[in-house]
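Notes follow the structure.
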Amino acid sequence: DGGITQSPKYLFRKEGQNVTLSCEQNLNHDAMYWYRQDPGQGLRLIYYSQIVNDFQKGDIAEGYSVSREKKESFPLTVTSAQKNPTAFYLCASSSRTGGGETQYFGPGTRLLVL
Amino acid sequence: KQEVTQIPAALSVPEGENLVLNCSFTDSAIYNLQWFRQDPGKGLTSLLLIQSSQREQTSGRLNASLDKSSGRSTLYIAASQPGDSATYLCAVRIFGNAGNMLTFGGGTRLMVKP
């Protein structure tokens, strides 16, 4: 059953703590993306990766970091430098970045600050 | 910078009504435009993708149109049903050397009452 999985569904962060959100896909897609969604708003791009071992900053990369060591995995770390991390985080993937292909989305992770 | 606006932000209609959701974008140099559905606390599901050379796309009771020159797209839902209740997001894809970038509108939250 192909798709994108994100874990955990809910994540709680304490002040000054780094937390990592998982995103895995078995669609054999080259490109992966991380978006942030605030209540009542659209999605904003945090980071994207076109290929393994390469990634680029999106519109709101400050306070976040990523890695792309495997094609299937694109974890997002929310660092202590991100002062307003409470949001819904969505991961997506597409077969490639240059052809306008549809992005497929995971179910999301809701991050809350304690 | 591309900006995408969706009006109205929320809409409540009785079951059976035909309805139109609006999406406007500031830069007409888009690669394509996509409509998504998002259920509460869930990821996004792609509904329709319109290439820049196309005028409309249809899927079942859904019809999306694109007028690139005026920077507008509409999503028409025929004979609405309670199961159509969700948030509908439009996103435009700009094509550049940075990748397959999507810019999202803020969404229209639709409620269809039985």
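As they're listed, the protein sequences go chains B and F. So the first sequence is numbered by our numbering: it starts at 1 and just counts up by one. So the second sequence is numbered by our numbering: it starts at 1 and just counts up by one. All C-beta atoms in this analysis are idealised placements derived from N, C-alpha and C, irrespective of residue type, glycine included.
Just to confirm before moving on: does the CB-CB distance between residue i and residue j stay below 8 Å?
i, j, result
"threonine 77 of chain B", "threonine 20 of chain B", "yes"
"leucine 90 of chain B", "glycine 43 of chain F", "yes"
"leucine 19 of chain F", "threonine 74 of chain F", "no"
"glutamine 41 of chain B", "glycine 63 of chain B", "no"
"isoleucine 94 of chain F", "threonine 108 of chain F", "no"
"glutamate 24 of chain B", "glutamate 72 of chain B", "yes"
"glutamine 6 of chain F", "cysteine 90 of chain F", "yes"
"aspartate 84 of chain F", "leucine 47 of chain F", "no"
"leucine 49 of chain F", "glutamine 34 of chain F", "yes"
Skipping 5 residues on each side, what residues in its chain have a beta carbon closer than 6 Å to that of residue i?
i, result
"proline 14 of chain F", "Lys113"
"aspartate 59 of chain B", "Arg44, Leu45"
"tyrosine 10 of chain B", "Arg110"
"arginine 72 of chain F", "Ser24"
"glutamine 103 of chain B", "Ala92, Ser94"
"methionine 101 of chain F", "Ile94"
"tyrosine 51 of chain B", "A small correction: the amino acid at residue 51 of chain B is isoleucine; tyrosine does not occupy that position in the sequence shown. So the qualifying residues of the chain are Asp30."
So residue i contacts chain F; which residues on that side make the cut at Cβ distance below 9 Å?
i, result
"proline 75 of chain B", "Correct list: empty, because the minimum Cβ distance to chain F is about 17 Å."
Run through chain F and tell me which residues come within less than 8 Å of residue i, C-beta to C-beta.
i, result
"proline 85 of chain B", "Under the 8 Å cutoff, chain F gives no residues; its nearest Cβ is about 18 Å from proline 85 of chain B."
Buried or exposed for residue i, going by 16 or more other Cβ atoms inside 10 Å?
i, result
"asparagine 97 of chain F", "Interpretation of asparagine 97 of chain F is limited by its pLDDT of 48, a score under 50 that renders its predicted location unreliable; no figure is taken from the coordinates."
"threonine 87 of chain F", "buried"
"glutamine 37 of chain B", "buried"
"valine 6 of chain B", "One point to set straight first is that residue 6 of chain B is glutamine, not valine, in the sequence displayed. Classification of glutamine 6 of chain B: buried, given that the 10 Å Cβ count is 16 or more."
"arginine 68 of chain B", "buried"
What does DSSP give as the partner residues of residue i in its beta bridges?
i, result
"lysine 113 of chain F", "F/Pro14"
Between residue i and the rest of its own chain, which residues show a CB-CB distance below 8 Å, the 5 nearest in sequence each way excluded?
i, result
"leucine 112 of chain B", "Tyr10, Leu11, Phe12, Arg13, Thr86"
"alanine 61 of chain B", "Ile46, Tyr47"
Please return the same chain residues whose Cβ sits closer than 7 Å to the Cβ of residue i, not counting the five positions on each side in sequence.
i, result
"tyrosine 31 of chain F", "Ser52, Arg93, Ile94, Phe95"
Interface residues of chain F around residue i at Cβ under 7 Å?
i, result
"glutamine 105 of chain B", "The question names glutamine, but residue 105 of chain B in the sequence shown is phenylalanine. Those are Gly43, Leu44, listed as they occur along chain F."
"leucine 27 of chain B", "Going along chain F, no residue has its Cβ under 7 Å from leucine 27 of chain B, so there is no contact; the nearest lies around 13 Å."
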